[in-house]
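Peer 1:
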Amino acid sequence: MSGSTDRKWAWIGGIVVAVVLLILPFLFKNYRVFQFNLVLVYAVAILGLNILTGFNGQFSLGHGAFYAFGAYTAAILMSLYHVPYWATLPVAFVFCFVFGFLVGFPALRLAGHFLALATFALALAVPQLLKYKRIEHFTGGVQGIVLSKPEPPFTFTLFDQPLSADRWLYFFTLFVSTLMILFAWNLLRGRVGRALIAIRDHPIAATAMGINLPVFKSLTFGTSAGFTGLAGALGAIVVAFVSPDSFAVTLSIFLLVGVVVGGLASIPGAIFGGIFIQYVPNIADELSKSAPAAIYGVLLILLMYLMPTGVMGGLRRLWARLRARPAA
Amino acid sequence: MEALLFQIFSGLANGIIYGSVALALVMIYQATHHINFAQGEMATFSTFIAWWLIQSGWPYWGAFFFTVAVSFAGGLLVQRIILRPIEKAPVMTNVIVFIGLLLIFNAFSGWFFDHTIKSFDSPFPKDSALATKYFSAHQIGSAGVLLLVLLGLFAFFKFTPIGLAMRAAAQNPGSARLVGIRVSWMLGLGWGLAAAIGAIAGMMVAPVVFLDPNMMAGILLYGFAAALLGGIDNPLGAVIGGFIVGVLENLLGAYVIGTELKLTVALVLIVATLTLKPAGLFGKKVVVRV
Amino acid sequence: MNMKSLGLVLAGLTALTLSGTALAQKKYDPGASDKEIVIGGISPYSGPASAYGTIGKAIAAYFEKVNADGGINGRKIKFISLDDGYNPAKTVEQARKLVEQEEVLLLFNVLGTPPNTAIHKYMNDKKVPQLFVSTGATKWGAPKNFPWTMGWQPNYQSEAKVYVQHILETKPNAKIAVLYQNDDYGKDYLKGFEDGLGEKAKTMIVSKLSYEATDPTVDSQVVTMKASGADTFFNISTPKFAAQAIKKAAEIGWKPTHYLNNVSASVGSVLTPAGLDNSTGLITAQYLKDPTDAQFQKGKEWDDYVAWFKKYHSSANIADFFNVYGYTVAQCLVQVLKQAGDNLTRENIMKQAASLNITLPMLLPGVNVKTAADDFFPIERQQLSRFDGKNWVLFGKVYGP
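Following this line, the structure appears as structure tokens:
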């Protein structure tokens, strides 16, 4: 009985959410829509990291490197080879998948903190690599690459607001992120997902069951890198600028923060993670000019106290409590 | 030839710095099995406190020991107040809290003491008998201090009951409780000691690199690398790891790849080493019974 | 109608016409009104470059003083300064927030080359002034393609060329070592230096080493440079690393002719920690007065500066040269706004910014601020000075147009 009511509510909820998402950009100014786009971009990046760290237990402090790699792939393709923006995304995914797979191999030998250090080293090395003068004609060196924002291919008006470049990018980003979320959900709910979790929790038992650990773990690394790299490419298109300073170590740390805040091994958590890392620095900035980072740190710690398993963990507990009440 | 020697010795001198930070990281790891990412910033903050005391007229060694004591208390308090509520939470939650602490300490250093660089005097005067052609008095002095701390740690963990209790609490909290060890307090003690060692490291480092809120940012990575290279549970390994990292960094930059890719290559080498010896050069190999 | 009411009507009509004319003379773009002028700023208040946040705070403190003294032509300044953590993606977001949501009249003294590059196109597309950007990069003075962007301080390449001129005049066979920070600032200085030397760059520069802002020390580089046999040293590094280089060079007994870039030339913040003895003989090019240099700590300009500091900015460190920078660049903007009068359109602001010809109290004597429609480099003059162990002593001529 409650099963079908649940499903009915889920359908209605889903439709409401979809409608809201579709008309959202027309209710807000362009600059807010730009922020929404960034939230979606970060959500995809966080989803990538979550596949690796949340579902598979491999601790990466260096996903900013894959994000940067994807962003620069898109930027170089668009500025030097005049590839249309939407075509850069699959290329970025593939390149970063390969890159991640290659990184995954040595990572097999490293566990826990050692892997964290190795990936942290990767994140630190990437800005230096991007500034290397021998590849400057590709990467633009320290000056970076300036891109043009794609124009909407048709005109459209709703609630008096035209379909501007930002709003067009919103729909594009929404489409892509929905695709990626569906892809991840499909990937993770079946045998693959169970295998990943088995490897994370009981690697020896998993091997005994016949799961090919090295291949699986490296493929996971690759897929995770592919997701985050695609997000990087999207990010480059949205911001219309890449430079080595855009991808400092802080990005990798923030992505990890996003994963934990959203909820480890949770796909919808990625959205909350994206919202957190996009908006909380702004809140911190408004609260204090002298030490905004301190406010950010305090908020982070408070969140961890209240919801140690992330927002999704907290929501699940809340939902369980609400449902438990009628039973009493 | 002289230049090569200078580079090697300069690298060893840097190695003292990395080794000190690595020691603090090892300390925390042995006590809690966590790596404290905020270690560097806490050390910087402690050094600022010492600087402020000296500016207010305190004699050097008075400020030194007072800062060490205050840092110990501070570390203990941080563990008791901020970390205790999430002791049982997953590892990642703890990691995020460490990151939060890193941001807070860094921001506080900048807020209270501003961003201009401060010179921090060395207690080892420039022209003392200790100075040689290749090593300044300060470098020899800090090496001596490092050695003392290392010996003290070694003795503490191996020969004192509290040291033993701490290792037990970190390795197997359940069994440790069963034999009457107050695990929670052991964690707090571990944090206090790590903060104290961090403060010593900071005060040894500041005369060389100058004191500012971001002093430890670059050093922490190399300290981390040194600790892992030496085996995260081995204090002596951490110090040797520090020397290796210091010399490697200098020689690579000067002779092999030039300074523009020094960071990249140094890190590739460290990762390669870890791939070949996953427990670090001197770490204990953990064998798990299936 | 009787005479009285006719008179009233006439008076009313006259008043209406007169006020109408007066209203017609006031022109406002978003961010300007009768009561206030809204100005936007973006600075790194967090993150690795947070030391430069001091400039933003000094500017805010100066605007406070201006408001307390009655504002500009009766209008108060509302300064909204946001943090970007030196991340260009964040700069884009904050710039859009300031322009599209807060509707500021102009963006002022945005800090850093990558952040400014990220919003360069946007500001010019939106036709909002990106005024007096806080970087010495040479590319900001291009009015033909980017009429809404203007730099302020002497650009890095011209400063480097001043040093080249001096080297060629005094030591034409010098063997030069260069230390530079591996980013846009370091590379811009390096480019100016190498361009200035031209053909001779390949033979005269015997050692060219970089460092990252995240490196702990530059000691290794200094050792290598000594080993290269160089007798001249061009030091392109930020305060912490500059101090380390000065100290290490002295420690290993290397005494080249040492040219120090202006960014790190503060007596209090760099030379004192490095050791005043070690710093004797250093050469730099200056355009602002060093607040820790005793020769400038007198006169009305100094008294005004200290009075402002004590009243509006007392939590800051008076030895920090960034405060002088913020104070002076804020004064420059105030001048532009004053010149604009009641015509506070963005176009007029750029027009006034391109018609400056003033001096400011904390600029070195002989250095002025001059712009024209085709000259978007406000400050171009600088003078060499040598450190004598206590102060920077100016010598030679004032370089620049």
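Protein chains in written order, with the working numbering: chain A, 905 to 1232; chain B, 83 to 372; chain C, 141 to 541. In this text, a Cβ means the ideal position worked out from N, Cα and C, and glycines have one as well. Every value quoted in this text rests on a predicted model; they were computed, and no experiment measured them.
Taking a Cβ distance cut-off of 9 Å, strictly less, list which residues of the stretch 930-943 of chain A are near chain C, in chain order.
Peer 2: Residues passing the 9 Å Cβ filter: K933, N934, Y935, R936, F938, Q939, L942.
Peer 1: Any C-beta of chain B sitting closer than 8 Å to the C-beta of S454(C)?
Peer 2: For the purposes of this step, residue 454(C) is taken as the residue at position 314 of the third sequence. No, because no Cβ of chain B sits closer than 8 Å to the Cβ of S454(C).
Peer 1: State yes or no: is the C-beta of T977(A) nearer than 7 Å to some heavy atom of the ligand ATP?
Peer 2: The ligand ATP is not part of this structure, which contains no ligands at all.
Peer 1: Pick helix, strand or coil for D223(C), following the three-state DSSP scheme.
Peer 2: On the third sequence, residue 223(C) is found 83 positions in, with the first residue counted as 1. It is a strand residue.
Peer 1: List the endpoints of the continuous beta strand (DSSP E) containing E176(C).
Peer 2: Along the third sequence, read from residue 1 onward, the residue named residue 176(C) stands at position 36. First-last of the beta strand (DSSP E) with E176(C): 176-183.
Peer 1: Does chain A have any CB closer than 8 Å to the CB of T161(C)?
Peer 2: Counted from its first residue, the third sequence places residue 161(C) at position 21. Because the pLDDT of T161(C) is 44, which lies under 50, any placement of that residue in the model is unreliable, and the question is left without a value.
Peer 1: Using the three-state DSSP reduction, which class does T161(C) fall into: helix, strand or coil?
Peer 2: Start at 1 with the first residue of the third sequence, and residue 161(C) comes out as number 21. The predicted position of T161(C) is uncertain, since its pLDDT is 44 and thus under 50; no value can be drawn from it.
Peer 1: Can you check which of these residues, A1015(A), I916(A), Y946(A), is closest to P229(C) by C-alpha distance?
Peer 2: The count along the third sequence starts at 1 and reaches residue 229(C) at position 89. The sequence as given places Ala at residue 229(C); Pro does not occur at that position. Minimum Cα distance to A229(C) is reached at Y946(A).
Peer 1: Beta-carbon within less than 6 Å of A1140(A)'s beta-carbon, same chain only, minus the 5 sequence neighbours each way: which residues are those?
Peer 2: For the purposes of this step, residue 1140(A) is identified with residue 236 of the first sequence, where counting begins at 1. Counting only Cβ-Cβ distances below 6 Å, and skipping sequence neighbours, we find A975, A978, A979, V1146.
Peer 1: Can you pull the chain B neighbours of V1161(A), defined as C-beta to C-beta under 7 Å?
Peer 2: By 1-based counting over the first sequence, the position of residue 1161(A) is 257. Within 7 Å Cβ-Cβ: I178, I181.
Peer 1: I'd like to know whether the C-beta atoms of I955(A) and S1122(A) end up nearer to each other than 8 Å.
Peer 2: Locating residue 955(A) in the first sequence gives position 51, where the first residue counts as 1. Locating residue 1122(A) in the first sequence gives position 218, where the first residue counts as 1. Not a contact, by the Cβ cut-off of 8 Å.
Peer 1: Among all the DSSP beta bridges, which residues are the ones paired with D515(C)?
Peer 2: Taking the first residue of the third sequence as 1, we reach residue 515(C) at position 375. Looking at the DSSP assignment, D515(C) forms a beta bridge with A512(C).
Peer 1: What does L137(B) touch in chain C if you count any residue whose Cβ is under 7 Å from its own?
Peer 2: On the second sequence, residue 137(B) is found 55 positions in, with the first residue counted as 1. Sequence inspection shows Gln at residue 137(B); the Leu mentioned does not correspond to that position. Here the premise fails: no neighbours, minimum Cβ distance about 12 Å.
Peer 1: With C-beta atoms as the reference, is L308(C) less than 8 Å away from Y427(C)?
Peer 2: Within the third sequence, residue 308(C) is the residue found at index 168, counting from 1. Within the third sequence, residue 427(C) is the residue found at index 287, counting from 1. Not in contact: L308(C) and Y427(C) (Cβ atoms no closer than 8 Å).
Peer 1: Anything in the stretch 1191-1202 of chain A with a Cβ closer than 7 Å to a Cβ of chain C? List those residues in chain order, please.
Peer 2: Listed in sequence order: K1193, P1196, A1197.
Peer 1: Nearest CA to the CA of E169(B): which residue from T346(B), I322(B), A251(B)?
Peer 2: Your numbering for residue 169(B) matches position 87 in the second sequence. Of the candidates T346(B), I322(B), A251(B), the one whose C-alpha sits nearest the C-alpha of E169(B) is A251(B).
Peer 1: Looking at chain B, is there any beta carbon in it that lies within less than 8 Å of the beta carbon of W1223(A)?
Peer 2: Here residue 1223(A) refers to the residue found at position 319 when the first sequence is read from its first residue. So, not an interface residue.
Peer 1: Is G1173(A) closer than 8 Å to M1216(A) when the C-beta atoms are compared?
Peer 2: Sequence index remark: in the first sequence, residue 1216(A) carries index 312 (1-based). Sequence index remark: in the first sequence, residue 1173(A) carries index 269 (1-based). It is a contact, given that the beta carbons lie within the stated cut-off.
Peer 1: Can you give the Cα-Cα distance for P1110(A) and V1119(A), rounded to whole angstroms?
Peer 2: In the first sequence, counting from the first residue as 1, residue 1110(A) sits at position 206. In the first sequence, counting from the first residue as 1, residue 1119(A) sits at position 215. Here residue 1110(A) turns out to be Ala, not Pro, going by the sequence shown. Those two C-alpha atoms are separated by around 13 Å.
Peer 1: Which residues in chain C have a C-beta closer than 8 Å to the C-beta of D196(B)? List them in chain order.
Peer 2: The residue labelled residue 196(B) in the question sits at position 114 within the second sequence. Result: T194, A456, N457, D460.
Peer 1: Please confirm whether A512(C) has its beta-carbon closer than 8 Å to some beta-carbon of chain A.
Peer 2: Mapped onto the third sequence, residue 512(C) falls at position 372. So, not an interface residue.
Peer 1: For A307(B), go through chain A and note every residue whose CB falls closer than 8 Å to its CB, in chain order.
Peer 2: Residue 307(B) sits at position 225 when you count from the first residue of the second sequence. Within 8 Å Cβ-Cβ: L1021, A1025.
Peer 1: Under a Cβ-count criterion, where at least 16 other Cβ atoms within 10 Å of its own Cβ denotes burial, should F147(B) be classed as buried or exposed?
Peer 2: Locating residue 147(B) in the second sequence gives position 65, counting from the first residue. The residue is exposed, with fewer than 16 neighbouring Cβ atoms inside 10 Å.
Peer 1: Can you tell me whether DSSP reads L1123(A) as helix, strand or coil?
Peer 2: Counted from its first residue, the first sequence places residue 1123(A) at position 219. The answer is helix: DSSP assigns L1123(A) an H, G or I state.
Peer 1: Check whether the stretch 351-362 of chain B and the stretch 298-313 of chain B touch, using three or more Cβ-Cβ pairs below 8 Å as the test.
Peer 2: Result yes; three or more Cβ-Cβ pairs closer than 8 Å.
Peer 1: Mapping the DSSP letters down to three states, classify V248(C) as helix, strand or coil.
Peer 2: If you number the third sequence from 1, residue 248(C) lands on position 108. First, the amino acid is wrong: residue 248(C) is Phe here, not Val. Residue state, collapsed to three classes: strand.
Peer 1: Can you confirm whether Y351(C), when its beta carbon is compared against all beta carbons of chain B, has any partner nearer than 8 Å?
Peer 2: Here residue 351(C) is taken as the residue at index 211 of the third sequence, counted from 1. Chain B, which has a Cβ nearer than 8 Å to the Cβ of Y351(C), makes this yes.
Peer 1: By a C-beta neighbour count over all protein chains shown, 10 Å radius and 16 as the cutoff for buried, is G160(C) buried or exposed?
Peer 2: Against the third sequence, residue 160(C) aligns to sequence position 20. Residue confidence is low: G160(C) scores 44 on pLDDT, short of 50, so the model does not pin down where it sits. Its coordinate-derived value is still stated next. It is exposed - the Cβ of G160(C) has fewer than 16 other Cβ atoms within 10 Å.
Peer 1: I need the boundaries of the alpha helix (DSSP H) containing H967(A), first residue and last residue.
Peer 2: On the first sequence, residue 967(A) is found 63 positions in, with the first residue counted as 1. Its alpha helix (DSSP H) spans residues 967-984.
Peer 1: L333(B) and G93(B) look like a contact to me (Cβ under 8 Å); what is the Cβ gap, rounded to whole Å?
Peer 2: Within the second sequence, the letter at position 251 stands for residue 333(B). Within the second sequence, the letter at position 11 stands for residue 93(B). The pair is a contact, with the Cβ atoms about 7 Å apart (cut-off 8 Å).
Peer 1: Just to confirm, are A201(C) and Y399(C) a CB contact at a threshold of 8 Å?
Peer 2: The residue you call residue 201(C) lines up with position 61 of the third sequence. The residue you call residue 399(C) lines up with position 259 of the third sequence. Their beta carbons are not under 8 Å apart, which means A201(C) does not touch Y399(C) by this criterion.
Peer 1: Quick check on DSSP: helix, strand or coil for Q1065(A)?
Peer 2: Within the first sequence, numbered from 1, the residue matching residue 1065(A) stands at position 161. In the structure shown, Q1065(A) sits in a strand (DSSP, three-state: E or B).
Peer 1: Which residue wins for smallest C-alpha separation from Y445(C), given the options N463(C), G252(C), E242(C), K311(C)?
Peer 2: For the purposes of this step, residue 445(C) is taken as the residue at position 305 of the third sequence. If we check each option's Cα against that of Y445(C), N463(C) comes out closest.
Peer 1: Have a look at K440(C) and N249(C) and give me their C-alpha separation to the nearest angstrom.
Peer 2: In the third sequence, residue 440(C) corresponds to position 300, counting from 1. In the third sequence, residue 249(C) corresponds to position 109, counting from 1. Looking at the two C-alpha atoms, the distance is approximately 26 Å.
Peer 1: According to DSSP, is H398(C) helix, strand or coil?
Peer 2: Residue mapping note: residue 398(C) aligns to position 258 of the third sequence, counting from 1. H398(C): strand per DSSP, three-state reduction.
Peer 1: What residue range is occupied by the uninterrupted alpha helix (DSSP H) comprising I326(B)?
Peer 2: Numbered from its first residue, the second sequence carries residue 326(B) at position 244. Counting along the chain, the alpha helix (DSSP H) containing I326(B) begins and ends at 317-333.
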